[in-house]
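With the numbering used here, letter number 286 in the sequence shown gets 286, and the count goes up by one each step, no holes.
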Amino acid sequence: MITKQLIKYKPLSFTDVAINDSFWAKKIEVNRKQTIPFQYQQCKTTGRIDAFRLDWKPGVEPVPHIFWESDVAKWIEAASYSLATHPDKELDALLDEVIEIIAGAQQPDGYLNVYFTVVEPEKRWTDLRDAHELYCAGHLIEAGIAHFKATGKRTLFDVICKYADYIDTVFGLEEGKKRGYCGHQEIELALVKLYRVTDNEKYLRLSQYFIDERGKQPHYFDLEKKIQPGFFDAFMNSHQDRNAYNQSHKPVREQDKVVGHAVRALYMYSAMADLAGELGDESLLQASERLWDNLHNKNMYITGGIGSTRANEGFTFDYDLPNETAYGETCAAVAVVFWNHRLLQLDCDGKYADALERALYNGVISGISLDGKKFFYENPLASLGNVHRRDWFGCACCPPNVARLLASLGEYIYSQNEHEIATHLYVEGSGKFNIQGQEVILHQKTNYPWDGEINFTFELQTPQKFGLKLRIPEWCQDALLEVNGENVEIPDKLVKGYVTIEKEWSSDDTVKLILAMPAQRFYSNPKVRQNINHIAIQKGPVVYCLESTDNIESLQKISVCRDSGFVEEFVPELLDGVVKISGKGKVMEDNDWDSKLYRPVKPNVSPFTFTAVPYYAWDNREPGQMRVWIQEIG
1 MITKQLIKYK
11 PLSFTDVAIN
21 DSFWAKKIEV
31 NRKQTIPFQY
41 QQCKTTGRID
51 AFRLDWKPGV
61 EPVPHIFWES
71 DVAKWIEAAS
81 YSLATHPDKE
91 LDALLDEVIE
101 IIAGAQQPDG
111 YLNVYFTVVE
121 PEKRWTDLRD
131 AHELYCAGHL
141 IEAGIAHFKA
151 TGKRTLFDVI
161 CKYADYIDTV
171 FGLEEGKKRG
181 YCGHQEIELA
191 LVKLYRVTDN
201 EKYLRLSQYF
211 IDERGKQPHY
221 FDLEKKIQPG
231 FFDAFMNSHQ
241 DRNAYNQSHK
251 PVREQDKVVG
261 HAVRALYMYS
271 AMADLAGELG
281 DESLLQASER
291 LWDNLHNKNM
301 YITGGIGSTR
311 ANEGFTFDYD
321 LPNETAYGET
331 CAAVAVVFWN
341 HRLLQLDCDG
351 KYADALERAL
361 YNGVISGISL
371 DGKKFFYENP
381 LASLGNVHRR
391 DWFGCACCPP
401 NVARLLASLG
411 EYIYSQNEHE
421 IATHLYVEGS
431 GKFNIQGQEV
441 ILHQKTNYPW
451 DGEINFTFEL
461 QTPQKFGLKL
471 RIPEWCQDAL
481 LEVNGENVEI
491 PDKLVKGYVT
501 IEKEWSSDDT
511 VKLILAMPAQ
521 RFYSNPKVRQ
531 NINHIAIQKG
541 PVVYCLESTD
551 NIESLQKISV
561 CRDSGFVEEF
571 VPELLDGVVK
581 ISGKGKVMED
591 NDWDSKLYRP
601 VKPNVSPFTF
611 TAVPYYAWDN
621 REPGQMRVWI
631 QEIG
C-alpha cells in the first residue's frame with residue numbers, strides 16, 4: 001500500500017467548473033466548434049486515422065510516421081474533454097468510430113503501434129531513443145483515460161490497459177526484461193494517470209521504474225546504438241551531448257540544470273512531480289525544485305515560453321534568451337502549465353500559479369489563431385514579418401496539445417482538500433466543491449484579465465467552516481481585500497503568495513479582491529544580453545507587443561520614453577476585444593542617410609505615439625513585424 005505523503009491538494013475537475021467569462025469562454029467555444037472538428041479533418045485527410053486500419057503496403061504514400069498515434073490520441077483527448085462539458089451526439093459517434101478503428105489495430109499481445117506493425121515490425125522496441133513507441137503509448141493511455149472518464153465507455157480504456165499491461169512485461173529490472181526507457185518522455189506521467197484511475201500500483205511502479213532507470217550506467221541508449229541505428233541518427237549525432245538532448249545524461253535526482261529538448265524535459269519533470277506526490281519521494285521533489293529554479297529564473301521568456309534555439313528545440317545556456325530566433329515551442333508552454341499545476345498540488349506556492357498563468361495567457365494561446373484554425377509551432381518574441389501560423393504540420397504535436405488544454409481549462413482554476421479551497425486563476429464562473437461532505441459552490445464575477453476586481457459569492461445549504469485561499473500574483477504591486485465589506489490586511493495573511501481567509505462561510509458572505517493591474521514596464525536581468533536597455537509592457541498577466549500594422553513598418557526604430565505613462569483603452573472590435581496600450585515614444589529617421597551604412601552622426605528622432613496589443617493575439621491581422629522588447633530612452 002502506498003502512502004500519499006506529499007499531495008496536499010487535489011485539482012477540482014473541469015466537469016465541476018463552469019466558465020462564462022468574456023475571455024476564456026469564447027476561446028473554449030472556438031476550440032469546441034472550430035478547432036476540434038478542424039483537427040479531426042487534418043488527421044483524417046493526412047492518413048493518420050486510417051493508418052490504424054493497418055492496410056498500408058510498401059510503396060504506398062504516405063508512409064505511416066512513428067509518432068502519428070500521438071496526434072490522433074491528443075485529438076481524442078481534446079474531443080473527450082469537450083464531450084464531458086458539452087454533450088454532442090455527433091462528436092460522441094465520431095469518437096466511437098475512430099476508437100473502433102484504433103482498437104482493431106491492437107495486436108494479440110497488446111502491442112499498439114502502426115509503424116512497427118506494418119512498416120518495420122521486426123524493429124519493435126529496438127530504437128527506444130528515437131522511435132517514440134513509448135511516447136505514443138503514453139498519449140494513447142491519456143486518450144483512453146479521458147474518453148473513459150468523459151463517457152464511461154471502456155472500449156479504448158480496455159485497449160490502453162491491455163497495452164500498459166503488455167509494456168509492463170517488456171520493461172523493468174527483472175530478468176529477461178529490457179532495462180530501457182523512452183527517448184521522448186510522456187509515458188511516465190500517463191502511467192501515473194492510469195494508476196489514479198485504476199488504483200493498480202503496477203502502473204505507478206512502472207512509471208517509477210522509467211524515471212529511476214533514466215541516465216544510469218551502463219547507458220541504455222549507448223548500448224542500443226551499438227546494435228541498432230536510431231531513426232534520427234543524423235540529427236542526434238549533430239549534438240555534442242546526445243544524452244543531454246533527452247535528459248538521460250545523468251540520473252534525474254542528480255540533475256539541476258534544464259538541458260536538451262524542452263518538451264521532453266518538462267514532461268519528465270511533470271512525472272517527477274506526480275511520483276514525488278504519490279510515493280512521498282522527497283528526493284524527487286528536491287530535484288524538481290532545483291530544476292524549477294533553473295528554468296524559471298534563468299531560462300524562461302517573459303511570455304512563459306521556453307526553448308531558446310531551433311537546434312535542439314530547447315535550451316542552450318543560462319540567460320540566453322534571443323528574441324527573433326526564439327523557439328518557444330507551443331507544446332513546451334503547454335508543458336509549463338502541466339508541470340506547475342502538478343507542483344501546486346504538492347505545495348500551494350504562488351510562484352507555481354504565477355508561472356502557470358504567465359504561460360497560459362501568453363506562450364500557450366499565442367500558438368493558436370483567434371479563429372482556431374491556424375497554429376504556431378514556434379513562438380518568437382520578435383519577427384521581421386516572415387513568421388505566420390499554419391494550418392497543420394508534418395510533426396503536428398502542438399495543435400492538439402493546445403486543444404486538449406483549452407478543453408480541460410477548468411481543471412487549472414481551483415484545488416481543494418478537506419479544509420480549504422484554493423483559487424489559482426481568476427475566471428468568471430463557478431466551481432462546485434465537496435467540503436467535509438457538503439456541496440459548496442463558489443462563484444467568481446470578474447472581467448479579468450482586463451480588470452483586476454474579482455467578486456466571490458457562495459452557495460451552501462448550511463454554514464460551514466473552511467479556508468478560502470486567494471492568490472496575489474507576483475506582478476500585482478497593490479491589492480485590496482474585503483470580506484463582507486470589511487477590509488482584510490493582506491500582509492498579515494499572505495503566505496507563499498496566497499491569502500487564506502478561514503471562517504464559517506454562509507450563502508450571505510461576499511468577498512471582494514481588487515488586484516491593481518496598470519500597464520507596467522518590465523526589465524530583464526542584465527545577464528540577458530539581448531534585452532539590455534529594452535523594456536516589455538505587461539498588464540496583469542498579459543504581455544504586450546508592437547505590430548507594424550499599428551505602428552510603422554520597421555519596429556526597431558521605435559523607442560519608449562523612460563518617464564512617460566501609458567494610456568489603456570478597451571476596444572471591443574480589436575482582436576476579439578482587448579485592452580490596447582499606447583504611449584509616448586521616439587522614432588529614428590533614416591531618410592537622410594543616403595544609403596550610407598555608417599556615419600559619425602546620430603540619427604534624428606521625432607516624437608511618436610506607439611500602440612501595443614497582447615502578444616497572444618499577434619499575426620491575426622495584416623502581416624508585418626512584431627517585437628515584445630522595445631528600446632527605452634531618456
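All residues carry an ideal CB built from backbone N, CA and C; glycine is no exception.
Because the structure is a prediction, the values reported are computed rather than measured.
Could you please give the first and the last residue of the uninterrupted alpha helix (DSSP H) stretch that includes residue i?
i, result
"Cys161", "Thr155 to Val170"
"Phe38", "Ile36 to Thr45"
"Tyr426", "Tyr426 -> no alpha helix (DSSP H), and no H or E assigned at all."
"Leu460", "Taken as a continuous stretch (DSSP letters only), Leu460 belongs to no alpha helix (DSSP H), being part of the beta strand (DSSP E) at Glu453 to Leu460."
"Asn243", "Arg242 to Tyr245"
"Tyr81", "Trp68 to Thr85"
"His296", "Glu282 to Lys298"
"Leu442", "First-last for Leu442: Gln438 to Thr446, but that is the beta strand (DSSP E), not the alpha helix (DSSP H)."
"Glu175", "Counting along the chain, Glu175 falls outside any alpha helix (DSSP H), and DSSP gives it neither H nor E."
"Ala18", "Careful: Ala18 lies outside any alpha helix (DSSP H), inside the beta strand (DSSP E) at Val17 to Ile19."
What residue does the beta strand (DSSP E) around residue i start on, and which one ends it?
i, result
"Cys561", "Ile558 to Cys561"
"Thr423", "Glu420 to Thr423"
"Leu481", "Ala479 to Val483"
"Thr510", "Thr510 to Leu515"
"Phe375", "It is not in any beta strand (DSSP E) - Phe375 carries neither H nor E in the DSSP assignment."
"Cys545", "Val542 to Glu547"
"His534", "His534 to Lys539"
"Arg196", "Where Arg196 is concerned, there is no enclosing beta strand (DSSP E), although the alpha helix (DSSP H) it sits in stretches over Ile187 to Thr198."
"Ala103", "Counting along the chain, Ala103 falls outside any beta strand (DSSP E), though it belongs to the alpha helix (DSSP H) covering Lys89 to Gly104."
Among the candidates the options, whose CA atom is the shortest distance from the CA of residue i?
i, options, result
"Glu97", "Phe566, Ile28, Ile7 and Ile76", "Ile76"
"Leu173", "Glu411, Ala143, Arg205 and Ile160", "Arg205"
"Phe23", "Gln625, Val334 and Val578", "Val578"
"Leu194", "His147, Asp233 and Cys398", "His147"
"Ile28", "Val601, Gln416, Gly372 and Ser506", "Gly372"
"Lys10", "Glu411, Ser70 and Ile368", "Glu411"
"Tyr40", "Asp88, Ile7, Leu12 and Leu94", "Leu94"
"Tyr267", "Ile211, Asp55 and Trp629", "Ile211"
"Leu285", "Gln255, Tyr203, Pro229 and Thr309", "Gln255"
"Glu188", "Glu553, Glu278, Pro399 and Gly260", "Glu278"
"Val334", "Gln444, Leu343 and Asn401", "Asn401"
"Ala403", "Lys74, Thr45, Phe52 and Ala51", "Lys74"
"Gln185", "Gln247, Tyr166, Leu140 and Tyr203", "Gln247"
"Thr198", "Phe157, Glu428 and Phe393", "Phe157"
"Lys445", "Val427, Lys432, Glu459 and Leu460", "Val427"
"Tyr181", "Glu142, Asn200, Arg196 and Cys136", "Cys136"
"Asp109", "Phe231, Asp130 and Thr169", "Thr169"
Pull up the DSSP beta-bridge partners for residue i, would you.
i, result
"Met588", "Val605"
"Arg471", "Tyr498"
"His261", "Gly314"
"Tyr267", "The partner list for Tyr267 (beta bridge, DSSP) is empty, contrary to what the question assumes."
"Met272", "BP columns for Met272 are empty, so no partner."
"Ala403", "According to DSSP, which records beta bridges pairwise, Ala403 is partnered with nothing at all."
"Phe583", "The sequence shown places Gly at residue 583, rather than the Phe named in the question. DSSP lists Phe566 and Phe610 as partners of Gly583."
"Arg521", "Ile537"
"Asn487", "Glu482"
"Ser415", "Pro11 and Ala422"
Mark residue i as exposed unless 16 or more other C-beta atoms lie within 10 angstroms of its C-beta, in which case mark it buried.
i, result
"Val571", "exposed"
"His86", "exposed"
"Glu357", "buried"
"Gln217", "exposed"
"Asn487", "exposed"
"Phe243", "Sequence inspection shows Asn at residue 243; the Phe mentioned does not correspond to that position. The residue in question, Asn243, is buried, as its Cβ has 16 or more Cβ neighbours within 10 Å."
"Phe317", "exposed"
"Gly152", "exposed"
"Val511", "buried"
"Ile532", "exposed"
"Gly585", "buried"
"Val252", "buried"
"Ser283", "exposed"
"Gly565", "exposed"
"Ser366", "buried"
"Tyr327", "buried"
"Val567", "exposed"
"Asp281", "buried"
Hey, does residue i have any beta-carbon neighbour from chain D nearer than 7 Å?
i, result
"Ile413", "Of the protein chains in the structure, only one exists, and it is not chain D."
Task: Completely contained beta strand (DSSP E) runs for the region 315 to 395, where each covers 3 or more residues - done: Counting whole runs of 3 or more residues, the region 315 to 395 contains no beta strand (DSSP E) stretch at all.
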